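First comes the structure, then the notes that go with it.
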Amino acid sequence: MAANGAHHDRITELHAGGHSGSGGSNEASRATSPGPAASGIDRGDADLSVDIARLGRTRPRIFPYEKYLPYETETREQREADVNEMIKNLYVAVASGDFVPGAVHWTKEIRGWMSLKFDLTKNQRIALVKLYYELCLAPGLEYAVAERFASMFMVLTKRKHYLRPGVDLVLDWRPLYKELKVFVLPSESSTQNTYSSKRNVRTLTKLCTFAQLFFDPREIPAMLDEFLPYYSMSFSEHAFVVLGLLNLLLPTSAPPDGEEKLQPQYYLPTFFHLWATVNRSMMVDMRFLDIFSRQARDCLGSEVVPFGPYGLFSEEQSSLIYTAVLRLLEIPVGQATTPYSGSVDLGAGTALFLERDPRKHPVSDSIARWIVMSLSPHCLSPATESNPNNKSRSVLHQLEALIQGIETFFHPSNSGSWTKPLSQLIYYLSDFFVMRWNREQSGEYVVPEDRKLNEEVRRRFVLCLRDVVFMGIYAKSGTAMNYSLSTLQSLAYLEPTLILPGALQRIYPAMQGLVEVHRTVSSIRALQMLSRIIATTKGFRCHLTTLLGLALPGIDANDLDKTMHSLAFIQSVCYNIPLHDLSKTPRLETSELNGDYEMIDDDSSVRPSSDSAGTALAVEWITSQVARFETEGPGIEIDYSAELTPEDEETILKSSTAGFAEFVISFLGRVFTLLQNLPDAARVKSGSPEENVVNTLPAAFSPLLASLSPELYDIALEHVAKFVSNHVVHQARDAMAFIVNALVKISPRKALHRLLPDLMTSIRTEISENGAGSTRTTGSEILPRDRALVWNVSLLSMCVVHVGRDVLDFQEELFDLANFMQDNCRGIPLVHVSNFVHHLLLNLTVTYTMDYRLFEKQDMRHGGLTPDCWGKVPDPAELNINWHVPSHEEIDFAVKVFEAQAGRALKALGELIKDDGSVIKRDGVGKDWSDEMSRNLVLLRLTISGCSRLFRSEDGTVSPEYTMVEKESSGEEMEVERAGRTGKKDTGADDETEDDLLGLGPQEEDEKVKRTFHYPTGYPLEIGSPQYETVHNLRKRAGEMLHRVHSF
């Protein structure tokens, strides 16, 4: 009891002190990521300073979510009042010892509130982090409850741009060490804590990862005094344990000014000495590299810590680390396959509990972090008398020597166990370099000027990795190829003029079929990764239309792997460029069909805006460049911005776009041929290449159709309309339905007027004249006679979902067609008919985005698109999102359809469960009764699902709490009995709720705790209106009918 009382006092102290910051500390930032700590304040940005003071957030959100929602949202004051209420209830629950269900419930409420993109204030976050840190390590808590509190602590501290380590928050490392000590040093623990032994040690090590950022660097001497006495090679297990504890608990952030004993070089020699005492241990090498890499990262932005050509380290220390890097890459030397001895790591014992998951924390990550965070212009020191070579010795020089020494192991013919670690290393190197470069350029990292990366460092870094990456993209290992392709993308982002010429030099022959087939797939994948960079780089973007044409032969039913990557490349290109013929002079005119501005030709003739006729100029230029690639050597470097004037480059680009119409026609023809040659979907295994292609096709069509100019869109619409009218490709039904849906979404009114009349006519013809859907079917196989009907119904279903209010132009035809199909169809086609009704209701009642264009309307109005639109990234804060919000006409039509279809199903179900007078007899032989029951249940389920947005379950007037109870006089008649809150019948143990089974207590006792907070969601109906009453009356009738059917 005394312990519990002390714990409650501690909680009260946290509550009182948590909201006042961290004791009023105003010292400089020691953030774990160099810079986010006080970047906004240092820049003098007043608004950002206010945001930091209130929210503690140093990186603003990308999207202003509230601004873009199509309905009024709650005020900030209301949100903050709600979360204050949650925190208040949380503290009350904790102080009273009500952990389950009280504290657990309010933890879930706060977490749900945060998941809505709401931000806690800085003081709230600090108080909650301290509270959950104490709770997850508190003795006596149940294992599952402590796990929830630990998870919440990790959520609160996951992002580094909320709290500044050492300034806003400091945590005590000793409670965490005490819990770990039970596992790794059991003989040294003062008491055998039975609660600790039940903890998950993995959770404790994760806690260390998040809490380590907030440990005070002033505690380093105390940690070393605590850990190092246990270090002994006489009993190697303790040596491994000490190194594991140092890795998990030692703070690596920059020390305060004037504390010489806290400088990294004060204790780093000790670490290197400890490292030298353990030979040939992979575990020890990985742990020290982890420590050193975080040290390099966290001290990069501190002027207090000396920095030189080797970063924080000396030349000797850097050489030792590079030697360990070479060991960890496990490159074979002579007859030896590995430099490590397995017997050394076998002595780790309980230290294995402190091991990080190598899949989430690969050693390549630590190596790359240490190298990149040690780079600076100091690596480019000018030549001296003692060092006449221009390349002075530095971390960068050592990296170049390392890559040069192991270059041959990147070759595709020289693959082995080292292939993945090597490709992973260059991937993390490029990834960390791009991250650091971007954050330094944006000001997010506050780094002293003499340590900031410059263009010369960037160029040498890219040149260092360029050759090995070009070998890696053709690796035999799929994993190694993926890493190398990502690295290629990063290097091209950093230095396009160094990477793109060499890439095109290798890609052109592969795409033209002049080299091995497997190199073609790698080249297409490389193009996919480089497409955005090519589209945004002057000169190189002129190659893009030619590359699109070369990718078309890759769409081949005989090579589905190449087909999938070709589609992915085309998809990537279409996300970045408009498929508009820039050689024409556009003018804007309002379309009669969609009421929007469209770009059309100034006259019926093609009028080039330059002297080049069509694509002739572009073809001539591309031909000369391909010949240049063939004659140049492997180290080719091209800077088109210096070779071409902006006017010449734009002229070539405009000429290259004149062939887009031919590309679209060829692309559609190849896709239609592919669809006709696919196997039957019923015989395709899950995860097979055929299934992947079917899933990739709609994903490629959406951006392609969105990027088309109006005249090219008309061409695509006409080709698709003719294909679906003249063909029935049963095995590609779903793929074609999604393609049609993508087509309709771009210009709904125009596409619906072109497609729907033909589809509706075909459906009626198939049913009336061909007898489709007239007989019962068994199994899942669709009869040949029904395939045309199912094809047209499936396409119609996808034509009317998520396409907006334009379906109202056909409301009478669609309503009559739904009734006609329900009256005349049986068997499997009826499921597709019900799905059509479901999609129609979803389209009418749900709020969703309608804007699938790549460009804003005002961009189209102001002179049309120009070459500057290629690769343009819109400002996330200046978007104009076109939402579909259900209108009164749509709601009226939806209620009409719902009433007709659900009413039909309810009436039929009522007839089927009658004992006397049932239209269909239950004779136990025929299947007519079960067929009718099944079809009406499916229809009811899909109509209710389609209208679910109109239901308001929390309204007690239309959704009362009731139970269906049998009358004692007759087991057949049902009545509704209100379930009171206090007069609940004792129905036995079977009625236990899930909360009861979890030990969360009865619902009545928890009624006050389970208070909910309601926020606007754009509910489309007016409460109390006739439509509102109709919908909920049908819902209530459906529930009662389902209960009767179940009882029957």
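Take 1 as the starting number for the sequence shown in the UniProt record's numbering and just add one per residue. Every residue, glycine too, gets a C-beta built ideally from N, C-alpha and C. Because the structure is a prediction, the values reported are computed rather than measured.
- Cβ-based neighbour list, proline 388, same chain, cut-off 6 angstroms, excluding 5 preceding and 5 following: Below a pLDDT of 50, predicted positions are generally treated as unreliable, and proline 388, at 47, falls in that range; the measurement from the model is reported next regardless. Excluding positions up to five away in sequence, the list is empty.
- Query: According to DSSP, is histidine 802 helix, strand or coil?
  - Reply: Coil.
- Close-in-space but distant-in-sequence residues of the same chain around serine 366 (CB under 6 angstroms, 5 per side omitted): Leu289, Asp290 and Ser293
- Query: Roughly how many whole angstroms lie between the Cα atoms of glycine 23 and lysine 130?
  - Reply: Residue confidence for glycine 23 is low, a pLDDT of 37 falling below 50, so the modelled location carries little weight and cannot support an answer.
- Apart from the five residues just before and just after glutamine 317, which ones in its own chain have a Cβ nearer than 8 angstroms to its Cβ? Leu268, Phe272 and Tyr310
- Query: Looking at C-alpha atoms only, which residue of Pro1016, Ser948, Glu1022 and Ala627 is the closest neighbour of leucine 1034?
  - Reply: Ser948
- Residues near threonine 563 in its chain [Cβ-Cβ closer than 7 angstroms; skip 5 each side]: Gly554, Ile555, Asp556, Leu674 and Val693
- Task: Indicate, with yes or no, if the ligand SAM has a heavy atom lying under 6 angstroms from the CB of aspartate 225.
- Result: By its list of ligands, the structure shown contains no ligand whatsoever, and the ligand SAM lies outside what it can speak to.
- Since isoleucine 577 is in the alpha helix (DSSP H), which residue starts that stretch and which ends it? Isoleucine 577 -> no alpha helix (DSSP H), and no H or E assigned at all.
- Query: For histidine 378, which residues of its own chain have a beta-carbon under 8 angstroms away from its beta-carbon, when the five flanking residues on both sides are left out?
  - Reply: Phe307, Gly308, Pro309, Ser394, Asp450 and Arg451
- Task: Figure out for me which residue from Thr497, Glu889, Ser794 and Leu582 has the closest Cα to the Cα of phenylalanine 540.
- Result: Thr497
- Item | Reduced DSSP secondary structure (H/G/I, E/B, other) of glycine 520 | Reading the sequence as shown, one finds threonine at residue 520 and not glycine. DSSP places threonine 520 in helix when its eight states are reduced to three.
- Item | Helix, strand or coil at tryptophan 883 according to DSSP, with G and I counted as helix | strand
- Query: If you draw a straight line from the alpha carbon of histidine 839 to that of arginine 61, how long is it in whole angstroms?
  - Reply: 34 angstroms
- Message: Just to confirm before moving on: does the CB-CB distance between serine 707 and leucine 579 stay below 7 angstroms?
- Response: Inclusion of serine 707 and leucine 579 in the CB contact set at 7 angstroms is warranted, their separation being smaller than that value.
- Nearest-angstrom Cα distance between alanine 38 and valine 446? Confidence in alanine 38 is poor, its pLDDT being 34 and thus under 50, which makes the residue's placement too unreliable to answer from.
- Message: Taking contact to mean 3 or more Cβ pairs, one atom from each stretch, closer than 8 angstroms, check whether the stretch 735–744 and the stretch 792–810 are in contact.
- Response: Touching, yes, given that three or more Cβ pairs across the two stretches are closer than 8 angstroms.
- Same chain, Cβ closer than 7 angstroms to asparagine 454, neighbours up to 5 away in sequence not counted: Pro377
- Task: Find out if the Cβ-Cβ distance for the pair proline 70, alanine 877 is shorter than 7 angstroms.
- Result: When the beta-carbon positions are compared, proline 70 and alanine 877 stay at least 7 angstroms from each other.
- Which whole-angstrom value is the C-beta distance of leucine 396 and leucine 375, which I expect to be below 8 angstroms? Sure, about 6 angstroms apart at Cβ, within 8 angstroms.
- Item | valine 242 versus Arg287, Val304, Asp816 and Arg436, residue with shortest Cα-Cα distance | Looking at the Cα atoms, Arg287 is the closest of the given residues.
- Does the pairing of the stretch 120–127 with the stretch 148–167 give three or more beta-carbon distances under 8 angstroms? yes
- Item | Classification of tyrosine 143 by the beta-carbon crowding that lies within 10 angstroms, buried from 16 upward | exposed
- Item | Rounded straight-line distance, which links the Cα of glutamate 219 to that of valine 304 | 18 angstroms
- Hey, out of Ser709, Glu637 and Leu352, whose CA is closest to glutamine 467's CA? Checking the sequence, you will find aspartate at residue 467 rather than glutamine. Ranking the options by Cα distance to aspartate 467, first place goes to Glu637.
- DSSP state of lysine 584, grouped into three classes? Lysine 584 sits in a strand when the DSSP states are folded into three classes.
- Query: Excluding the five sequence neighbours on either side, which residues of its own chain have a C-beta within less than 7 angstroms of the C-beta of alanine 751, listed in chain order?
  - Reply: Leu717, Leu743 and Val744
- Message: Give me, in chain order, the residues of the same chain whose beta-carbon lies closer than 6 angstroms to that of phenylalanine 240; leave out the 5 immediate sequence neighbours on both sides.
- Response: Closer than 6 angstroms at the Cβ level, and outside the excluded window around phenylalanine 240, lie Ala348 and Ala351.
- Kindly indicate which residue of Arg1037, Arg1044 and Pro1016 has the alpha-carbon position closest to the one of glutamine 78. Comparing C-alpha distances from glutamine 78 to each of Arg1037, Arg1044 and Pro1016 shows the shortest one belongs to Pro1016.
- Query: Hey, would you say aspartate 460 sits closer than 7 angstroms to leucine 485, going by beta carbons?
  - Reply: Looking at the sequence provided, one finds arginine at residue 460 rather than aspartate. No, Cβ-Cβ distance for arginine 460 and leucine 485 is not below 7 angstroms.
- Status (buried if at least 16 other CB within 10 Å, exposed otherwise) for phenylalanine 1048: So phenylalanine 1048 counts as exposed.
- Task: Report buried or exposed for lysine 646, applying the criterion of at least 16 other Cβ atoms within 10 angstroms of its Cβ.
- Result: Contrary to the premise, residue 646 reads as proline rather than lysine in this sequence. Its Cβ having fewer than 16 others within 10 Å, proline 646 is exposed.
- Message: Between the alpha carbons of isoleucine 110 and isoleucine 87, how many angstroms are there, rounded?
- Response: Looking at the two C-alpha atoms, the distance is approximately 8 angstroms.
- Message: So, under 8 angstroms CB-CB, proline 829 and valine 793 are touching, yes? Tell me the CB distance rounded to an integer number of Å.
- Response: 7 angstroms
- Whole-Å CB distance - valine 720 paired with arginine 787, under 8 angstroms assumed: Actually they do not touch by this definition, with Cβ atoms about 19 angstroms apart.
- Item | Per-residue burial, valine 104 [other beta carbons within 10 Å of its own, 16 or more giving buried] | buried
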